[in-house]
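Undergrad:
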Amino acid sequence: AQSVTQLDSQVPVFEEAPVELRCNYSSSVSVYLFWYVQYPNQGLQLLLKYLSGSTLVESINGFEAEFNKSQTSFHLRKPSVHISDTAEYFCAVSGSGGYNKLIFGAGTRLAVHP
Amino acid sequence: DAEITQSPRHKITETGRQVTLACHQTWNHNNMFWYRQDLGHGLRLLHYSYGVQDTNKGEVSDGYSVSRSNTEDLPLTLESAASSQTSVYFCASSEGPGETQYFGPGTRLLVL
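Protein chains in written order, with my numbering: chain A, 15 to 128; chain B, 12 to 123.
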């Protein structure tokens, strides 16, 4: 079985500052890792994912996450945030063995202030 | 464009009533999922299906059921609604392992 812990429920930050949203997972099997974003009153959208290969993955809007197998982490970072990045961010894990049901963390609310 | 839709978007019902939430996708995905979202819990998996006539229980399935008679639809039924089932419900679909799950807009359910 897998589980996900998002270490911060809320992260306030000023515009143009860097941010890191932390995610740790546990699993007895190889995993796929995902970050989803939810804007107010909307469904979730995929931000980025790690399947295999390079441990650093990037999104089209400047976010990046690094898979660290030894620390079982998949932290999300952005060097300079915008007001429009205000949203809830969810880390998720699935087993890589042929099924893709996702286990989600509790979410981190990122609030970007001017 | 392919999409995933949910209906109704908002629903108010009374304790003990049966409620069915619809989910329809035009991606032609085999995999479909139902989640509920509650503050402090993130999204929790209710039921999922890997194809027609296939259904499986998720981590919080009690009081919920699904059926899969075709590729496009996975309706979620609350057999006897309870106040604890007041929540936002999301449907999702995907092509396979490691593939993106595409989410619907959600259904906000209030059980009085």
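Cβ atoms here follow ideal geometry from the backbone N, Cα and C, with glycine treated the same way.
Quick one: list the residues of chain B neighbouring A:Ala118, beta-carbon separation under 7 Å, in chain order.
TA: A small correction: the amino acid at residue 118 of chain A is Phe; Ala does not occupy that position in the sequence shown. Those within 7 Å of A:Phe118 in chain B are Gly53 and Leu54.
Undergrad: Locate the beta strand (DSSP E) running through B:Gln36, then write down its first and last residues.
TA: It spans Val30 to Gln36 - the beta strand (DSSP E) in which B:Gln36 sits, taken as one unbroken run.
Undergrad: With distances taken from CA atoms, which of B:Glu83, B:His21 and B:Ala103 is nearest B:Arg55?
TA: The shortest C-alpha separation from B:Arg55 is found at B:Ala103.
Undergrad: Given a limit of 7 Å on CB to CB distance, which residues of the region 100-114 of chain B reach chain A?
TA: The region 100-114 of chain B vs chain A, Cβ under 7 Å: Phe101, Ser105, Gly107, Pro108, Gly109, Glu110, Thr111, Gln112 and Phe114.
Undergrad: So, does the CB of B:Gly74 fall closer than 9 Å to a CB anywhere in chain A?
TA: Closer than 9 Å: no.
Undergrad: Where does B:Gln48 fall in DSSP's three states?
TA: Correct three-state label for B:Gln48: strand.
Undergrad: Where does A:Ser108 sit, in a helix, a strand or coil, going by DSSP?
TA: If DSSP states are grouped into helix, strand and coil, A:Ser108 belongs with the strands.
Undergrad: Just verifying my parser: in three-state terms, what is the DSSP assignment at A:Gln16?
TA: DSSP places A:Gln16 in coil when its eight states are reduced to three.
Undergrad: So, are the CB atoms of A:Val45 and A:Ser110 less than 9 Å apart?
TA: Taking 9 Å as the Cβ cut-off, A:Val45 and A:Ser110 qualify as a contacting pair.
Undergrad: As a quick exercise: from A:Phe104, A:Ser41, A:Leu62 and A:Tyr64, pick the residue whose alpha carbon is nearest that of A:Leu124.
TA: Comparing Cα positions, the closest option is A:Phe104.
Undergrad: How about A:Leu58: is its C-beta nearer than 9 Å to some C-beta of chain B?
TA: Yes, its Cβ sits closer than 9 Å to a Cβ of chain B.
Undergrad: Exposed or buried, A:Lys92, counting other C-beta atoms within 10 Å across all chains shown (16 or more means buried)?
TA: The residue is buried, with at least 16 neighbouring Cβ atoms inside 10 Å.
Undergrad: Which residues, in chain order, does the region 30-59 of chain A contribute to contact with chain B at a C-beta distance below 9 Å?
TA: Under the 9 Å Cβ criterion, the region 30-59 of chain A contributes Tyr46, Phe48, Tyr50, Gln52, Asn55, Gln56, Gly57, Leu58 and Gln59.
Undergrad: Can you list the beta strand (DSSP E) stretches of 3 or more residues lying completely in the region 16-96 of chain A, in chain order?
TA: DSSP runs (the beta strand (DSSP E)) wholly in the region 16-96 of chain A: 17-20, 24-28, 33-35, 37-40, 45-52, 58-64, 70-72, 78-82 and 87-92.
Undergrad: For B:Leu50, is the classification buried or exposed, using 16 other Cβ atoms within 10 angstroms of its Cβ as the cut-off for buried?
TA: Exposed, since its Cβ has fewer than 16 Cβ neighbours within 10 Å.
Undergrad: Please list, in chain order, the chain B residues whose beta carbon lies closer than 7 Å to that of A:Gly76.
TA: Within chain B, no residue comes near A:Gly76; the closest Cβ sits about 19 Å away, beyond 7 Å.
Undergrad: Please classify B:Gly117: is it buried, with 16 or more other beta-carbons within 10 angstroms of its beta-carbon, or exposed?
TA: Counting Cβ neighbours within 10 Å, B:Gly117 comes out buried, since at least 16 surround it.
Undergrad: Would you say B:Ser72 touches the ligand MG, meaning its beta carbon is less than 8 Å from a heavy atom?
TA: No copy of the ligand MG occurs in the structure displayed, which carries no ligand at all.
Undergrad: What in chain A is Cβ-close to B:Asn42, meaning under 8 Å?
TA: Simply Asn114.
Undergrad: Are there 16 or more other CB atoms within 10 angstroms of the CB of B:Gln64, so buried, or fewer, so exposed?
TA: By the neighbour-count rule (16 or more Cβ atoms within 10 Å), B:Gln64 is not buried but exposed.
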